[in-house]
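Novice: So the sequence shown is residues 99 to 588, counted in this note's numbering.
C-beta: ideal position from N, C-alpha, C; glycine also.
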Amino acid sequence: MRRDPKPLRRSGRPRGAALAGLLAAGLACSRSAPPPRGPDVVLVTVESLRTDSVGAYGGASPGRPEVPITPNLDAFASGATVYEDAHSVTSWTLASHASLFTGLYPSGHQTTGPLDRLDDSVPTLAEVLAARGYQTAGVVSGPYLRRTHNLSQGFEVYDQEAASITSRLAHADVTNPAMLVALERVLDRDRDPERPLFLFAYFWDPHFDYLPPPPWSTAFVPPGAEPFDARDLDANPAIHAGMDAQRLAWLRAQYAGEIRWTDEHLGRFFELLRQHGLWDDALVIVTADHGEAFFDHGGKGHKNGLYAEEVHVPLFVKYPGQGEGRRDARLASLVDVLPTVLEAVGVAPDFPVHGRSLRAPDPDPERAVLFELETSRFTAGAAGVVRASRTFWQAIRRGEWKLVEWRDEGPGAAGPGRRLFRVTEDPAEAVDLADREPQRRDALERALAAAVGAARADGQRYRRGGEAQLSAEEIERLRALGYFAPAAEP
Ligand SMILES: [Zn+2]
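This is the structure:
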């Protein structure tokens with residue numbers, strides 16, 4: 099039996115004698131002279147990227163595994179550290195990026211609903227780096243990263259031109275070329291060579307609808323696959339758990355095509371970084387905000403639950419000066435990115451952080467990572483009234499085990515429920531062991547409750563951000579698109 103659960107480590111302060119010495123040296127310097135110039139930092143997120151769709155993780159497109167799906171990411175991985183057991187904190191864009199930027203689980207940053215705004219009181223990576231003398235620049239192409247949700251705080255330059263105002267509009271977006279133009283503009287026009295650069299880039303295109311251009315629209319299509327109209331994926335009645343296998347094969351080939359097309363643009367972006375001297379000595383991190391489901395546990399797209407296909411993410415870190423590829427099998431989470439960057443820069447955070455530096459020298463086999471998700475469903479009732487029900491998901495991963503729990507609220511609520519997986523033997527999380535392993539299940543349940551409680555307690559330091567507010571110009575654009583017409587009967 100495992101020993102009693104302990105709460106997650108809540109301080110992100112890096113530990114270890116060598117590091118402490120380094121930090122002390124940095125602090126000593128800061129009293130007399132400006133701190134030494136930190137490394138340039140590049141942080142890249144790719145939308146909806148399943149780890150088993152990345153070559154460096156042994157992934158491929160199921161229909162055409164012989165066609166390389168991420169050759170540029172794989173080349174990058176050959177000179178970087180690949181975190182094999184890395185996870186998002188949730189399965190949707192806004193809460194995931196908020197955790198990436200704050201080092202806090204969702205209960206800590208409290209940006210958990212689709213209209214939420216990250217409060218100004220929560221410290222972000224960009225703010226800390228700006229205070230350390232960095233020029234901070236963000237280039238984004240998805241709606242949740244627009245200024246509306248305030249994840250832009252701390253960025254001196256913030257380009258959101260490629261991002262549609264609403265999620266629904268964004269499904270039809272094709273943004274990779276615009277991303278490259280905007281990134282090149284930042285590097286050519288906006289960059290201040292006197293200061294180290296923190297550059298954040300968010301590539302939207304793998305998000306559904308999957309709309310890869312030729313040749314990638316056909317490159318991954320296996321023999322016999324049946325093309326069909328797959329637009330409006332989340333509401334499309336032709337796309338469901340019992341759908342025809344030949345159509346599903348075609349859909350997956352389109353998703354693969356989007357990834358390959360995005361990978362091409364990542365390759366060009368990496369080349370741009372090299373041309374601008376932002377490579378050899380830079381800290382370059384590439385990850386995904388979450389994965390994507392193809393009915394692995396019954397759902398499509400993402401924000402369905404906290405199972406592996408939606409939360410296991412690729413995570414690559416090229417440390418300054420690193421030239422050789424490494425693999426790191428330790429458990430990692432997106433909340434680790436902020437403390438990792440701050441360690442590389444030589445800053446100890448003076449606020450709570452739920453993650454730990456990925457370079458922490460003491461791998462902790464009892465480390466646990468947390469996942470949280472809140473979803474809403476709207477259904478038409480008998481009198482034509484739209485009713486909402488909400489599902490709260492929580493999960494914890496520790497060692498070989500992962501516990502997933504959910505409870506529903508509102509009309510037609512089902513549950514609660516829970517599932518326990520031995521992920522080392524069952525990485526797809528297919529076999530529920532909750533009834534066969536009651537002691538492990540109960541121990542993880544206690545650990546999960548403690549971790550959520552600790553995350554919430556840290557969140558008490560900050561205000562909840564309130565509702566995202568559209569600008570007058572955004573409202574006008576939506577009005578022109580018919581968004582504020584009287585609602586139709588549901
Ligand atoms: Zn996303």
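1. In the DSSP assignment, find the unbroken alpha helix (DSSP H) run with Ser315 in it and report its ends.
2. Can you tell which of Ala566, Gly557, Ala158 and Tyr560 has its C-alpha closest to the C-alpha of Ile357?
3. In chain order, what residues of the same chain have a beta carbon less than 6 Å from the beta carbon of Tyr181, not counting five sequence neighbours either side?
4. Can you find the residues in the same chain that come closer than 8 Å, C-beta to C-beta, to Thr522, ignoring five residues on each side of it along the sequence?
5. At which residues does the alpha helix (DSSP H) containing Tyr353 begin and terminate?
6. Taking C-alpha atoms, which residue in Gly153, Leu501, Leu249 and Pro447 lies nearest to Ala566?
7. Taking DSSP's pairing of strands, which residues face Glu408 in a bridge?
8. Should Glu407 be listed as close to ligand 1, given that the test is whether its C-beta is under 6 Å from any heavy atom?
9. Flag this pair as yes or no: are the beta carbons of Val237 and Asp288 separated by less than 7 Å?
10. List the whole-angstrom C-beta distance separating His410 from Trp190, where the pair is believed to meet the contact cut-off of C-beta under 8 Å.
11. Thinking Pro310 and Gln344 are a contact (beta carbons under 8 Å), I'd like their distance in whole angstroms, please.
12. In chain order, which beta strand (DSSP E) runs of at least 3 residues are fully inside the segment 146–215?
13. Using only the alpha-carbon positions, how far apart do His395 and Tyr405 sit?
14. Exposed or buried, which one is Leu213 when buried takes at least 16 other CB atoms within 10 Å?
15. Of the residues Asp462, Ala328 and Arg575, which one's Cα is nearest the Cα of Ala592?
16. Let's test the definition: count the other Cβ atoms within 10 Å of the Cβ of Val279 and tell me whether it reaches 16, buried, or not, exposed.
17. Which runs of the beta strand (DSSP E), 3 residues or longer, sit entirely within the segment 221–269?
18. Would you mind giving the Cβ-Cβ distance between Ser205 and His400, rounded to the nearest angstrom? I have them listed as a contact below 8 Å.
19. Since Ala224 and Phe253 should fall inside the 8 Å C-beta cutoff, what is the C-beta to C-beta distance between them, to a whole number of angstroms?
20. Which residues does DSSP list as the beta-bridge partners of Gln492?
21. Using C-beta distances below 7 Å, list every residue in its chain close to Ala578, excluding the 5 sequence neighbours before and after it, in chain order.
22. Please state whether the Cβ-Cβ distance between Asp138 and Leu376 is less than 7 Å.
23. Tell me, please, whether the segment 255–274 touches the segment 305–319 by the rule of three or more beta-carbon pairs shorter than 8 Å.
24. Which runs of the beta strand (DSSP E) at least 3 residues long sit entirely within the segment 513–552? Give them in chain order.
25. Say whether the segment 290–298 touches the segment 323–343, bearing in mind that this needs 3 or more beta-carbon pairs closer than 8 Å, one atom from each stretch.
26. Helix, strand or coil for Ala131, going by three-state DSSP, please let me know.
Specialist: A quick look at the data gives this:
1. Trp314 to Ala317
2. Ala158
3. Leu413, Asp426 and Ala430
4. Glu498
5. Ala343 to Gln373
6. Leu249
7. Glu408 is not bridged to any residue.
8. no
9. no
10. Wrong, their Cβ atoms sit about 15 Å apart, outside the cutoff.
11. With 8 Å as the limit, Pro310 and Gln344 do not qualify as a contact, their Cβ atoms being about 19 Å apart.
12. 179–185
13. 8 Å
14. exposed
15. What the structure shows of the chain is the stretch from 99 to 588, and residue 592 is not part of that stretch, so it cannot be assessed.
16. exposed
17. 233–238 and 255–257
18. That pair is no contact at about 20 Å.
19. 5 Å
20. Glu470 and Glu503
21. none
22. yes
23. yes
24. 515–520
25. no
26. coil
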